[in-house]
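All residue numbers for the sequence shown refer to the numbering used here, where the first residue is 17 and numbers rise by one.
For each residue, glycine too, the CB sits at the ideal point set by N, CA and C.
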Amino acid sequence: MQERIATRPRETLHDRLPEMRQSIRKQTVKDLIADKLSSLIASGVLAVGDELPGERELSAILSVSRETIRGAIQTLAGRGLVDVAHGSRTRVAHVDLGSLQNGLTNASTINRYDIESVHGARLLVERNVVAAAAERIDAEALRALEESLAAQATMLGDPVQFLIADREFHVTIYRAAGNRLLADFVIDLYTYLMEFRRQAMARPGAIEKSFADHKAIVAALHARDVAAVVAAFDRHIDRIYATTRSILEPAARGEKRPGLQKPARRAAQPEESL
Ligand SMILES: [Zn+2]
């Protein structure tokens, strides 16, 4: 942004007004929510054809009013990312690669690394970030996490809804650490191989285990117990690593890929019973 401004000759404040209005407009809650929803689509949490959770669920997950959710969805519909059909649920219509940006980098960049590297980086960075969050988290963030847990409890049968809530839950904790750069970096790591995480979460019992991890994390954050928060996150990150690997391994052995990109067909895969 600054570079662009610097290259313009003799720019007056008046010249810059539209740009300034644009950046102010970007700060509206509605647009922040639209950005969040489009990054859920870009990162693979939501795939083309998926139904978006209802207004009530999204309002609970993202801690904003239903009116704001409605406005954000209209923005996405205007960009062609979702179809708002009258009388039925809103569906994802298109993946906008231009909004692939997650935190610092983008999903396709992170996905070039192997799972061991990403897991190692996550442990190294995330332990420190959540330890700082345990010390610095405020009442508002704790309340948001409690509300998120209440919403998650209603989503145990829906991996996609749960993952949307999961991402927001993690972002709230990473931001509580007070370092926006590290929070964005950890979110990049979190988003790694999201389409495989989706499948992992669809396995029986997976959501319940993650939900139990989340409850332990929130209890430790309430107690401001740094060691307990780090231990609870270690368990959670190890679980994510193990379940993602169990989805990746059949693919790495060159087994049939059908189903890997389309979770709806996962029931036909033999490893489903593991
Ligand atoms: Zn989680």
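Going by DSSP, name the residue or residues bridged to residue i.
i, result
"D99", "R107"
"E67", "R107"
CB-CB under 6 Å to residue i, same chain, minus the five flanking residues each way: which ones, in chain order?
i, result
"A148", "A193"
"K42", "Caution applies to K42, whose pLDDT of 48 falls short of 50 and renders its modelled position unreliable; the value that the coordinates give is listed next. Within the same chain, K42 has no close Cβ partners at all."
"R219", "none"
"E67", "R105 and R107"
"I10", "Residue 10 lies beyond the stretch modelled for the chain, which goes from 17 to 290, so this question has no answer here."
"M339", "Since the first and last residues shown for the chain are 17 and 290, residue 339 lies out of range."
CA-CA distance, residue i and residue j?
i, j, result
"G103", "D51", "25 Å"
"L139", "I256", "11 Å"
"A248", "A236", "8 Å"
"I57", "V98", "10 Å"
"K61", "H186", "The question names Lys, but residue 61 in the sequence shown is Val. Distance between the alpha carbons of V61 and H186: 14 Å."
"E132", "T259", "13 Å"
"E151", "A232", "16 Å"
"Q90", "F201", "29 Å"
"R251", "E184", "19 Å"
"S54", "L92", "7 Å"
"P266", "Q215", "13 Å"
"A63", "P175", "12 Å"
"D130", "R261", "11 Å"
"R107", "R213", "20 Å"
"A109", "V234", "35 Å"
"V146", "D229", "14 Å"
Within its chain, find whatever has a CB closer than 8 Å to the CB of residue i; leave out the 5 residues flanking it on each side and keep chain order.
i, result
"L73", "The residue asked about is misnamed: residue 73 is Glu in this sequence, not Leu. Excluding sequence neighbours, E73 sits near A167, T170, M171 and Q177."
"E163", "A76 and S79"
"L205", "I126, V134, A137, R138, V141 and E142"
"T188", "A157, A160, L161 and S164"
"H238", "L158"
"G70", "R105"
Within its chain, find whatever has a CB closer than 7 Å to the CB of residue i; leave out the 5 residues flanking it on each side and keep chain order.
i, result
"R95", "D112"
"I49", "L78, V80, T84, I85 and A88"
"V45", "V80 and T84"
"A181", "I77, S164, A167, Q168 and M171"
"I223", "L172, P175, F178 and M217"
Of all the CB atoms in chain D, is at least one closer than 8 Å to the CB of residue i?
i, result
"E151", "Of the chains in the structure shown, none is chain D; there is only one protein chain."
Exercise. With ligand 1 as the reference, list in chain order each residue whose Cβ lies under 7 Å from any of its heavy atoms.
Key: Ordered by chain, the residues meeting the criterion of a beta-carbon within less than 7 Å of a non-hydrogen atom of ligand 1 are D182, F185, H186, S226, D229, H230 and H252.
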